[in-house]
Amino acid sequence: MDERGRLFAVGLGQDYPKALVSGLAARFPESDPTAWARCTIYVNSGRMLRRIRDEFDAGPPRLLPKLRLLSELSDAGDFPEIPQALKPLELKLDLAELLMSLIETNPELAPRSAVFDLAESLAALLDEMHGEGVGPEALAALDVGGFARHWEQGRAIVEAAFTYFGDSSDRLAGSEARRRLIVKALSERWKHSPPKGTILIAGSTGSRGATRMLMEAVARLPNGHVVLPGFDFDQPPAVWTALERGIPAEDHPQYRFRVLMDALELAPDEVIPWDKTPPMVPERNRLLSLALRPAPVTDQWRNEGRRLTELTEATAGMTLVEAPHQRAEAGAIALRLRKAVEDGQKAALISPDRMLTRRVTAALQRWEIEPDDSAGEPLHQAAPGRFLRHVAQLLETAPELPQLLVLLKHPITASSKEIRGPHLRWTRELELYLRGKGTSHPDAEKLRGFAEDQKVKDGRENWAEWLAGLLASVPRGKAGSLSDHVAHHLDLAERLATGFGGEDTGKLWTKDAGETAASAMQALRDAGDRGGAMTARDYTTLLHGHLSGFNVLDPVRPHPNVMIWGTLEARVGGADLVILAGLTDGTWPDLPAPDTWLNRPMRREAGLLSPERRIGLSAHDFQQAIAAREVMLTRPERDEEAETVPSRWLNRLTNLLGGLGPEGAEALSGMQARGQSWLRGASALEQPDVALPRAPRPSPCPPVAVRPRQLAVTRITQLIRDPYAVYARHILRLRKLNPLAPEPDARMRGIALHEIMEKFVVARETWHGDRDAARQCLSGIAREELARATPVLSMQALWHARLMAVADRIIDGEFARLEEGEPALTEDWGRLDLSDLDFTLIARPDRIDRLQGGGYAVYDYKSGQPPSKDMVLHFEKQLPLEAAMLEQDGFTALPKAPVEKLGYIAIGASGQDRPLDIDTQEGRLADVTLDGLRELITRYRDREQGYSSIRAAQLTNFAGDYDHLARYGEWDLTSEVERIMVGPEETS
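In this note's numbering, the protein residues as written are 18 to 1005.
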């Protein structure tokens, strides 16, 4: 083997797969067609392998070389003496078990919920250490005396992991460990017996230790070829020397090549061009080579910049989109891709920002274009993955109503033939039933209650019984092995997918997504009992991370000429148009992730990779991608939170162009002008074709015949303040659904306080005259009712504390009221027929007391601030109308007698009891209010009288139930109402 070796390279702007095959054809003699079959090509990625295969398929006819992935080296079976590597999941579970035992010994190390994330990061560190040839002795030699204590703990855990796997040498800790051993064995074998065929390494930069060792070994073979991608042949020797001198330039795109050349004792000018194909835009290559110089030598911009010409040609195919926000950026990209499809161009969007690529995918749906996303759809976001995650949550806790409905409505639930329709219909009925009951935690008993209450017997009662039995059978609360959790999980998932009366598992394991989900779950099943005993929450956490490591690819739906690539695939090439998107610092390049185990000085001293290595690799991907014939560069000026900082590479390019005199400034302006044109086009697409006028403030006038003939006293206040709400509720018959998960809000608190006061008054015999007994009784009733009202313990405690803070005031008030009379009626209905108006008024007073003198006192509980006297005169008619009903014999359970007292009882933390005057200047309050009601109802017996929206709002900081229906927001409270005649014309 040649100790110095040889390196070949494909330059920037050359189609790497095409150039690779062309270079091989030039080197293999036409007289020996079998030379192709004796060739083995190791490539860096699956997409690169497919592109190379496509080039061979394009002809001419020849024998195919063996195409292998570099990652498959660890799976090679011709080295039986080298132990097999643990699978990534097995390694993660073993490390998680180790970490769990350490955390149980010292809970301060980390929370239990972080175990699997820590195990994954520790596995990555072990993999890197094996790949770089760094053993535990290097960690032991680290001086951590000057660092915080947790860094010493981190080192100790890493050493413990090495010891843990060192005790069982039958399986290696990760694929990188086995790959390095195989590369060593191959190198030794090749020293004594070089391979007869050609060995070629394609597409790799040698950024990882084992891969770099293989590249060095192949480069020294007489028939070995290492073909570097994206080599900068325009970079001057001074820059290569600067990198060699050790200037911290690992973030430079060509740095990895410098390391490889040093190992092979080669100079930059000794790297041999692999193919003679010229680059697409050589002028741009020179421009980017200068722009991306290492920071310590950017002073060369002044010197070399003067000699940089043909800037117009370099930037003619470049477009710079500086979008005001991310939505505009995605719109401009989608529009450009749409134009590429129309022109027959092959276009590739390259970005590490997955949120941006999803926005672009969504924007392309306008034209029914589905891009070919190389990353696919993460399994945990695909339908089977979401379903499996929802089902796993059932193993952890009993479902709340929203969680149960999400699962029941999932497209995989009950997806067997001919049962999906009835299942969805019954699910809808169940939802309405549980909403109406205010049920937040539907258990088996409530589901059976639904079945019993159904008048229609179409099978739903059996369906509800099946669902109740299924939920009741879920094992919870016990720690178990991974295999136990997987078995319970799959059993429950398949039963739900089969559904009530189904015969198979429906869509759970079908199509690409289902098959991928089946593979993922099989991997968990194959892991056996690794990971030790885990709770259901541990299993749910593990499942989410495990499923997110799988991607679902659909080879049928995507458009063949619109692709979304990751940054690594930039070196694959082959696109007519390349869009580099999300060019903001922190996104591209991404900021180096913090290392949980070793800090920067510790990594450097141990001989591990620098965090800047990733930035250098991203820079190399950027340099290759921007060398395409036509390029669009995009970035948002703002994200969701603040202004963004342009990517350092884009910043360098624009700064360099701006400083290269008039030609550079003109070239930059041209790039920006082309970008603005796409932004204007995307903005134009956002504008409606026809500008719709704002909706008026509505005052609908329905026929008199459909207007309500009965209202509760509480609706009279609504008829005065917001007539439109009465129209929507009683004429359109629209009802607001109860929330799926009732929030512990002011309304819920008010209802609970009313229940507390009702039961407190009923129990008056137990505490009358005894303040301590009254306080104890009130507290006990409050605890029971608040627990019934909300399951949120913190709100129960808060509301109880607030009530007991004013308990003395409430008890004093009750003592005084009981001295004046006795409660005669609480929460019972009454009605008053106004026969001359064909109208009935109904009411359910909070409380009516029979006074000692024979008259009545009518009270209303208020959990908030009681209304003022003026508000009662003009808006709040409930108490006076209840008094009028009582005096008009509207409550059959009570004998007719005059009302002598009216008042509000404050039961909240704010406000005081507020009595009302029985008499006003116009007469008795009850009589005046009843006369006003007659006038109001008479007015609404006129077809011309409309139900105006928000006629007299008390508050505007809370939305009404029907404000959206009235299009509030398109008009405001200063707008004039517009009468709208609705319904058929009246007939005489």
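The C-beta atom is built at its ideal place from N, Cα and C for all residues, glycine as well. Computed from a predicted model, the values in this text were never measured in an experiment.
Glu387 carries a coil assignment under DSSP once its states are collapsed to helix, strand and coil. Per the coordinates, the alpha-carbon of Leu670 lies some 37 Å from the alpha-carbon of Glu193. Residue range Gly838 to Leu842 is occupied by the beta strand (DSSP E) that includes Pro840. The Cβ atoms of Ile859 and Arg848 sit closer than 7 Å to each other. Counting only unbroken stretches of 4 or more residues, the alpha helix (DSSP H) elements lying wholly within the segment 828 to 899 are 886 to 891, in sequence order. For Ser457 against Pro808, the beta-carbon gap comes to about 6 Å, under 8 Å, which counts as contact. Going by C-alpha positions, Gly453 is about 32 Å away from Leu851. Under the 10 Å beta carbon count, Gly241 is surrounded by 16 or more other beta carbons and is classified as buried. For Leu66, the enclosing alpha helix (DSSP H) stretches over residues Gly63 to Asp74.
In the three-state reduction of the DSSP assignment, Gly466 falls in the helix class. Beta-bridge pairing by DSSP links Pro715 to Glu995. Buried is the label assigned to Ser433, since at least 16 other Cβ atoms lie within 10 Å of its Cβ. A distance of 7 Å or more separates the beta carbons of Glu346 and Pro606. In this structure, Ile827 is the residue among Arg792, Lys426, Ile827 and Glu149 with its C-alpha nearest to the C-alpha of Arg931. The beta carbons of Asp877 and Asp855 sit about 28 Å from each other, so the pair does not count as a contact at 8 Å. Relative to Leu354, the option among Glu287, Val595 and His506 whose CA is nearest is Val595.
Around the beta-carbon of Leu564, 16 or more other beta-carbon atoms lie within 10 Å, marking it buried. Burial is judged here by how many other beta carbons sit within 10 angstroms of a residue's own beta carbon; Glu1002 has fewer than 16 and is exposed. Residue environment: Glu125 is assigned as exposed (fewer than 16 neighbouring CB atoms within 10 Å of its CB, all protein chains considered). Using a 10 angstroms sphere on the CB of Trp384, the tally of other CB atoms stays under 16, which defines it as exposed. Look at the beta carbons and you see the segment 135 to 146 not touching the segment 579 to 588: under three pairs across the two are nearer than 8 Å. DSSP places Asp936 within a strand segment (E or B) once states are collapsed to three. Judged by DSSP in its simplified three-state form, Arg574 adopts coil rather than helix or strand.
Counting along the chain, Ala280 sits inside the alpha helix (DSSP H) bounded by residues Tyr272 to Ala280. The straight-line gap separating the alpha-carbon atoms of Arg781 and Ala791 is approximately 8 Å. The beta carbons of Leu411 and Val491 sit closer together than 7 Å. Rounded to the nearest whole angstrom, the CA to CA distance from Pro270 to Gln641 is 9 Å.
Within the same chain, Cβ atoms closer than 7 Å to the Cβ of Arg310 are found at Val256 and Gln317, the five residues on either side in sequence being excluded.
Under DSSP, Tyr921 shares a beta bridge with Asp877 and Arg931. Segment contact: the segment 960 to 967 against the segment 980 to 989, three or more CB-CB distances shorter than 8 Å; contact assigned. Of all alpha-carbon atoms in Ser48, Thr51, Ile58 and Leu29, the one lying nearest the alpha-carbon of Val38 is that of Ile58.
Taking a cut-off of 8 Å for Cβ pairs, the segment 682 to 702 and the segment 327 to 337 touch, as three or more such pairs fall below it. The beta-carbon separation of Asp656 and Gln398, rounded to 22 Å, does not stay under the 8 Å limit for a contact. For Glu154, the closest alpha carbon among the candidates Gly692, Thr946, Glu622 and Ser664 is that of Glu622. Short of 7 Å from the beta carbon of Arg724, and not among the five residues preceding or following it, lie these beta carbons of its own chain, in chain order: Ile748 and Tyr957. Contact between Ser204 and Ala236 does not hold, since their C-beta atoms are separated by about 11 Å, which reaches or exceeds 8 Å.
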